[in-house]
Structures are given as structure tokens and as C-alpha cells.
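S.K.: Once you've had a glance at the structure underneath, I'll fire off some questions.
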Amino acid sequence: MNDKQLIVKYKEQVDELRQVLTKSLSDLFQRPIMIGEEVKAHDDIEQSLSSLPLPGIALMFQSGKEANRLSHLILFPEQFVLLSYAWMVGEDPAQQVDENHLDGLREIFNQILGQTRMAIPDDNFRFHVENLQVGVAESPKDIYEGENGFYVLQGDFKLQSENESFDITHLVWSDQWTLNQVDDEAQNEEQAAGAPGNVAVEPVEFGSLGGNGQTYENNPNIEMLLDVDLEISVELDRKSILVSDLLKMGKGSIIEFNKSAGEPLDILVNGRKFAEGEVVVIDDKFGIRITQLMSPRERLKTLA
326 MNDKQLIVKY
336 KEQVDELRQV
346 LTKSLSDLFQ
356 RPIMIGEEVK
366 AHDDIEQSLS
376 SLPLPGIALM
386 FQSGKEANRL
396 SHLILFPEQF
406 VLLSYAWMVG
416 EDPAQQVDEN
426 HLDGLREIFN
436 QILGQTRMAI
446 PDDNFRFHVE
456 NLQVGVAESP
466 KDIYEGENGF
476 YVLQGDFKLQ
486 SENESFDITH
496 LVWSDQWTLN
506 QVDDEAQNEE
516 QAAGAPGNVA
526 VEPVEFGSLG
536 GNGQTYENNP
546 NIEMLLDVDL
556 EISVELDRKS
566 ILVSDLLKMG
576 KGSIIEFNKS
586 AGEPLDILVN
596 GRKFAEGEVV
606 VIDDKFGIRI
616 TQLMSPRERL
626 KTLA
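Just so we're aligned: the sequence shown equals residues 326 to 629 in the numbering used here.
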């Protein structure tokens, strides 16, 4: 697959994923988001990296499995990271990026990845992500130290929201995308003539940009998830005690917690806090009334 074919494939994948991206970001930031892009290919990754506006906030990961594994770099301007975090938590933007902002960027990525997995089938592990890293890239060596000799795709995205506009760069590469020196027209003529010895070449699957054109709304894959069981638990409080104190306990012993009477209880879904509530009694059975859902800020605090 040559550079022109890779660019065409990349653009097709972006078009299919665009609706999920715009909806996810608009929901997270609570404001409309528009996305435009320009795509190009390079045959020198070092030259491509040296042209990036560094230092910048880098999100790096690998997607896919085995032969279809791709390496990704998404480079964000500092102002986008500061503003996007402020939009999520509903406060004024800070002056400098800190660990909270990096956690916020990781949360944005995970939210988009989750929405993508629900909206687009992933039978070939296109959205299987590993080695996710978020940090400040000072130089190209912070991003990549390896060999050249393969194509690198670069997508320059422009995100617009109201009066704000941000330039975000996505680089994706694979050592399987070796530089193709075969003349395209001669190759097409041989295939049309049925020349012997031709080997069928399958299109590259993009780990972070795959899809089959299904829309986000009313997707049957989401309906399939409606039957998935989730475990809901209510937590009173937690406390650490010594083994010696534990051994002294017997029937009738009282364990005192720090939480005051009347404070809301934590509601966990699959072990992760998502709301708070108060205990109620319904027909001689206990229940819990939700009093507050987790805000984006609180959700970020629960990140490991």
C-alpha cells in the first residue's frame, strides 16, 4: 500500500468516526464542537516529528494487535488542555498544566474510546489500546527513537468551539507500511491482465480510526449492551484497623466510622463511584435515593 492509498484510507476512517468524535466532545464540554482535517504522508518520521510545535502535551498509545498494530501520537496545544479541563469541571481555566489536567486529557480519551467501541464494531481489535501515556513532550526523542524506512501519516485537525479554535496533530505509523517503489499504473495493469504471481493485499486497518459507516444514534450495538449486568453497591464508609483490634472483636462489638450520621452514602457501579444517595425504606425493604450524580471533577478524582 503506497502513500496515496494510505491517505485515502485514513480520510475514509476519519469521516466514519467524525460523528462519534463530535458528539462525545460536545457532550463532555457541554458546547458544540466542529472538526476539520488535512491529511498528508511522510517517509521520514524524524523529519515529521521535527516539524511539530514542541514542546506540547502528548498522548501516545498503541492500537490493534500483532501485524495490525499501530503507534499513535496526538499532540495538543497547552491552551486546549487547560480550557477542555475547565469546561468539564465548570470553572475558570488555570494558568499552567498540572497532573489534574493530564488526568483530564486521559479521561477525555477514555470517554471517546468507550463511545467509539459502543458505536462501531471492533471484531479485529481496532480499538484495543495499550501503553497509553500522557505527558509533556519536549523534543522528538521524547516521542520516538527508532528506524526510518516506512510511511508516517499525519492528520492536522482543527477543533472549533464557539470563539475558540485549536490545532491538534495526529501521527500514526507502522513498520508494516514499508516504502513502496512499485509503479502504481504498472501494478494495476498487471492485476487487470490477471498476471500470475500476484498476491492479494488487504487494506490496512487503522486502530484508532476504524469503522463501517454506522451512525452513533440508534446503533444496534448499543441496544446489545442494554442487557449487560452491572453490579450496584452502596458503601457506608471505609476504615483501617490493626489486626490486634480485629482479633478483639466479638458479637456485639461496634465499629465506629468517621462519616457522620446523615451524610450521603456512596453508590458504586462495578466498584466505581458514580453517585451519592440517602437511605429510604420501601415496604420494609431498604432502598437508596440518588441525591447527586458524579460531576466531571469528582469522576477525574477516581482515576487510578
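Each residue gets a CB set at the ideal place from its N, CA and C atoms; glycine is no exception.
Just the Cα atoms here: how many angstroms apart are F491 and L400?
M.R.: If you take the alpha carbons of F491 and L400, they lie about 11 Å apart.
S.K.: What span of residues does the alpha helix (DSSP H) with F450 cover, start to end?
M.R.: Run containing F450: none; DSSP gives neither H nor E here.
S.K.: Using 9 Å as the limit for Cβ to Cβ distance, is I615 near chain B?
M.R.: Absent from the structure is chain B; it holds one protein chain and no more.
S.K.: Does DSSP put A586 in a helix, in a strand, or in coil?
M.R.: In this structure, A586 counts as coil in the three-state DSSP scheme.
S.K.: Buried or exposed: A525, going by 16 or more other Cβ atoms within 10 Å of its Cβ?
M.R.: Low per-residue confidence applies at A525: pLDDT is 48, beneath 50, and the placement is therefore not dependable, though the value from the model is reported in the following sentence. Result: exposed.
S.K.: Could you compute how far the alpha carbon of K390 sits from the alpha carbon of I445?
M.R.: Cα to Cα, the separation comes out at about 17 Å.
S.K.: Would V339 be called buried (16 or more neighbouring beta carbons within 10 Å of its own) or exposed?
M.R.: Looking at its Cβ environment, which holds 16 or more other Cβ atoms inside 10 Å, V339 is buried.
S.K.: Short of 7 Å in beta carbon distance, which residues of its chain neighbour S349, apart from the five on each side in sequence? Order them along the chain.
M.R.: So the list reads Q436, I437, Q440, once near-sequence residues are dropped.
S.K.: Output the boundary residues of the alpha helix (DSSP H) element that contains A411.
M.R.: Element bounds for A411: 403–414.
S.K.: List the DSSP bridge partners of A600.
M.R.: Looking at the DSSP assignment, A600 forms a beta bridge with I592, L618.
S.K.: So, with DSSP's three-state summary, where would you put S464?
M.R.: S464: coil per DSSP, three-state reduction.
S.K.: With V364 as the anchor, note down where its beta strand (DSSP E) starts and where it stops.
M.R.: Segment 359–367, the beta strand (DSSP E) holding V364.
S.K.: Could you check the C-alpha separation between G381 and E472 for me, to the nearest Å?
M.R.: Going from the Cα of G381 to the Cα of E472 covers about 23 Å.
S.K.: Taking L427 as the reference, which of G415, F450, E403, N449 has the closest Cα?
M.R.: Looking at the Cα atoms, E403 is the closest of the given residues.
S.K.: Taking 8 Å as the cut-off, does the stretch 552–564 touch the stretch 578–586 (at least 3 CB pairs, one atom from each stretch)?
M.R.: Yes, they touch.
S.K.: For V507, which of helix, strand or coil comes out of DSSP?
M.R.: Here V507 scores only 37 on pLDDT, less than 50, and its place in the model is too uncertain to base an answer on.
S.K.: Reducing DSSP to helix, strand and coil, say where Y335 ends up.
M.R.: Note: Y335 maps to helix in three-state DSSP.
S.K.: What is the DSSP secondary structure of Q436, reduced to helix, strand or coil?
M.R.: Here Q436 sits in helix by DSSP.
S.K.: Rounded to a whole number of angstroms, what is the C-alpha to C-alpha distance between S409 and F354?
M.R.: C-alpha separation (whole angstroms): 7 Å.
S.K.: Do T503 and Y476 come within 9 Å of each other at the CB atom, strictly closer than that value?
M.R.: Cβ distance < 9 Å, so Y476 and T503 count as in contact.
S.K.: Can you give me the Cβ contacts of E363 inside the same chain, cut-off strictly under 7 Å, excluding the 5 residues immediately before and after it?
M.R.: Cβ neighbours of E363 beyond the five flanking positions: D481.
S.K.: Determine the closest residue to A600 out of Q458, A383, V606, L590, with distance taken between C-alpha atoms.
M.R.: Among Q458, A383, V606, L590, the Cα nearest to that of A600 belongs to L590.
S.K.: Using only alpha-carbon positions, find the residue among F434, I433, F452 that is nearest to R442.
M.R.: Among F434, I433, F452, the Cα nearest to that of R442 is on F452.
S.K.: By the three-class DSSP mapping on this structure, what secondary structure does V345 have?
M.R.: DSSP places V345 in helix when its eight states are reduced to three.
S.K.: Which term fits I557, buried or exposed, when burial requires 16 or more other beta carbons within 10 angstroms of its beta carbon?
M.R.: With fewer than 16 Cβ atoms within 10 Å of its Cβ, I557 is classed as exposed.
S.K.: On the CB-based measure, 16 or more other CB atoms within 10 Å of its CB, does A392 come out buried or exposed?
M.R.: Flag for A392 reads exposed.
S.K.: Taking the CB atoms as reference points, tell me whether S396 and W498 lie closer together than 9 Å.
M.R.: Taking 9 Å as the Cβ cut-off, S396 and W498 qualify as a contacting pair.
S.K.: List the endpoints of the continuous alpha helix (DSSP H) containing Q372.
M.R.: 370–375 is the extent of the alpha helix (DSSP H) around Q372.
S.K.: Measuring only the C-alpha atoms, how far is E603 from L346?
M.R.: Computed Cα separation, rounded: 36 Å.
S.K.: Assuming the contact rule is C-beta atoms closer than 8 Å, F386 and L457 should be a hit. Round their C-beta distance to whole Å, please.
M.R.: Contact flag correct, Cβ pair sits at about 4 Å.
S.K.: Give me the Cα-Cα distance between G535 and L567, rounded to the nearest whole angstrom.
M.R.: With a pLDDT of 36 at G535, under the threshold of 50, the predicted position of this residue should be treated as unreliable, and no value is reported.
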